[in-house]
Every structure is written in structure tokens, then in C-alpha cells.
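Read the structure below first, then the notes.
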Amino acid sequence: MSAFSARDEVAACFAALGLGMPSGSGREARSPIDGSVVATLDDASDAEIDAA
């Protein structure tokens, strides 16, 4: 497994799209326009993404 985790990669993609990963859980990204949830990561997805 690389030092650059899947979560870091997802956060970088959200940042490139102008979205921010919230502080705290880091499990969802919210729209900078209206604050709605635009993407989420479930508990199983971290291991699945890292294994890919």
C-alpha cells in the first residue's frame, strides 16, 4: 500500500472540483454552493479502494 492513501486521492479530486472534505469524519463532501452532500465514503469503501 502506498503512502498516498485512497482517501487522500479522493480528497484531491474533490479539491480539484472545488469541493471540500469536511473536518471531523471526512466521510462526505459538501457542495460549496448550498452545503448539500455530493459524495460519501462508507466504512467498507476505504479498504476496498486501498486494495484496488
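In this note's numbering, the protein residues as written are 39 to 90.
For every residue, glycine included, the Cβ atom is placed at its ideal position computed from N, Cα and C.
Keep in mind the model is a prediction, meaning the values are calculated, not measured.
Return the bridge partner residues of residue i from the DSSP annotation.
{"i": "residue 75", "result": "68"}
Can you list, in chain order, the residues of its chain whose CB lies under 6 Å from that of residue i, leaving out five sequence neighbours each side?
{"i": "residue 77", "result": "67"}
Which same chain residues end up closer than 8 Å to residue i when comparing Cβ atoms and leaving out the 5 residues on each side of it in sequence?
{"i": "residue 55", "result": "none"}
{"i": "residue 71", "result": "none"}
Mapping DSSP to helix, strand and coil, what is residue i?
{"i": "residue 49", "result": "helix"}
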